[in-house]
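First residue of the sequence shown: 9, per the working numbering; consecutive thereafter.
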Amino acid sequence: MTDLLLKLFIKDYKNVSNQKVRMKYGILSGCVGIVLNVVLCLMKFFVGSVTGSIAITADAVNNLSDAGSSAVTVFGFKMAGKPADKDHPFGHGRIEYITAMIVSFIILFMGAELAIQSVKKIWTPEDVRFSAIGAIIIAISILGKLWLAFFNKKLGKRIDSPAMTAVVADSLSDIAATSVTLIALILSNFFPSLHIDGWLGILVACFVLKAGLDIFRDTLSSLIGTPPSKELVEEIKNKILSYDHVSGIHDLIMHNYGPDHFFATVHVEIPSDIDVMIGHDIIDNIENDIKREMGIDLTIHYDPLVVNNERVESLRQMTENIVKGISPDLSIHDFRVVDGPMHTNLIFDVVIPYVFSQSANDVISEISLK
Numbered sequence: 009m010t011d012l013l014l015k016l017f018i019k020d021y022k023n024v025s026n027q028k029v030r031m032k033y034g035i036l037s038g039c040v041g042i043v044l045n046v047v048l049c050l051m052k053f054f055v056g057s058v059t060g061s062i063a064i065t066a067d068a069v070n071n072l073s074d075a076g077s078s079a080v081t082v083f084g085f086k087m088a089g090k091p092a093d094k095d096h097p098f099g100h101g102r103i104e105y106i107t108a109m110i111v112s113f114i115i116l117f118m119g120a121e122l123a124i125q126s127v128k129k130i131w132t133p134e135d136v137r138f139s140a141i142g143a144i145i146i147a148i149s150i151l152g153k154l155w156l157a158f159f160n161k162k163l164g165k166r167i168d169s170p171a172m173t174a175v176v177a178d179s180l181s182d183i184a185a186t187s188v189t190l191i192a193l194i195l196s197n198f199f200p201s202l203h204i205d206g207w208l209g210i211l212v213a214c215f216v217l218k219a220g221l222d223i224f225r226d227t228l229s230s231l232i233g234t235p236p237s238k239e240l241v242e243e244i245k246n247k248i249l250s251y252d253h254v255s256g257i258h259d260l261i262m263h264n265y266g267p268d269h270f271f272a273t274v275h276v277e278i279p280s281d282i283d284v285m286i287g288h289d290i291i292d293n294i295e296n297d298i299k300r301e302m303g304i305d306l307t308i309h310y311d312p313l314v315v316n317n318e319r320v321e322s323l324r325q326m327t328e329n330i331v332k333g334i335s336p337d338l339s340i341h342d343f344r345v346v347d348g349p350m351h352t353n354l355i356f357d358v359v360i361p362y363v364f365s366q367s368a369n370d371v372i373s374e375i376s377l378k
């Protein structure tokens, strides 16, 4: 079904690196969500009115909010798909993160509202009238939401979308919530005076609130900035090291302006005895190839590496042993030997993990003493 919808509504749907194709994925996801959630909302309002269940009625309102979330998704993807302009030279891709955050706010609001209504139901309980047709409709809505979750998961995986990840989380929380509602409705047939509707409503609200908080936390992390995946780092590293005359890389830094718009800088080590024009040509080829093949705007700093010099190599090995003696988690790069009239300077960078037992100043002092 997913591939059929993609073929019907998105031309060139396999070209997910294209910004316009990505935008159409988001619009398709949002439109399908709007249609399905509106239908489910109307069905549940009907069942809630017939059975007198606040949990079912609240679940219907939740579906209506989901339709609103889908509308926000459509708007967000259309805005994120706008090309770069003079005020936003790196494009509008981060709007997708803001879209996911808005969805999280909607989910949190609906969870809080459901919790309030459920508490009222606990204080003033009412009998829930069992309806076989109502139970069937709710079961159908669970299946519909399950399909929507898988649909958006497939789309989100193809384009690596945080907004669609938020929609999937929303759908899964709805499935849990509606399943609890169905259980309450069935139990009312056997225990009509049990009055667990409000308590189950509280349980549903907890599911919804947790989903909203998880989406908010993940989206906030993306806006603040998160490290690239280890797989992506290894892919870039292996790609660069595959070129002739490249001896090593370090100081890879990546950031993005949306899930599909990465910028990166890296230091590439090339033997100092290679002609500078040849080295520069290698650097250009790496930058162009990575842009074409991976869609990453890469800027490379050319680091000449002294080779075939026994003295420099001996001093480098001595320094590495000293640093590794402090901790095997430390490493060095950009090692240079500068001879002066009175003494020799060893200049290098030390890489210290974010979580380390010593401060940077303590590490520097310990290295200097040795």
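Beta carbons: idealized from backbone N, C-alpha and C, even for Gly.
Between V80 and C39, the C-beta spacing is not below 8 Å.
Here L163 has Y33, S37, M172 as same chain residues with Cβ atoms under 6 Å from its own Cβ, once five neighbours each way along the sequence are excluded. Residue burial is scored here from C-beta neighbours: T132 has fewer than 16 other C-beta atoms within 10 angstroms and is therefore classed as exposed. Across the structure, N45 and H96 are spaced so that their CA atoms are roughly 34 Å apart.
Here S112 carries a helix assignment [DSSP, helix/strand/coil]. Residue pairing of A272 in beta bridges, as defined by DSSP: M262, L306. Using a Cβ distance threshold of 8 Å, V274 and I308 count as a contacting pair. Annotation: the continuous alpha helix (DSSP H) that includes D222 extends over 205-232. Within the stretch 63-92, no run of beta strand (DSSP E) reaches 3 residues while sitting entirely inside it. The three-state reading of DSSP puts P279 in strand, counting E and B together. Here L354 is bridged, per DSSP, to V345. Using a Cβ-Cβ distance cut-off of 8 Å, the stretch 232-242 and the stretch 85-103 are not in contact, since fewer than three pairs of beta carbons, one from each stretch, lie closer than that value. In this structure, the CA atom of A108 is about 47 Å from the CA atom of R344.
Cβ atoms of K86 and I42 stay farther apart than 8 Å, at about 14 Å. For G142, the enclosing alpha helix (DSSP H) has its first and last residue at 140-167.
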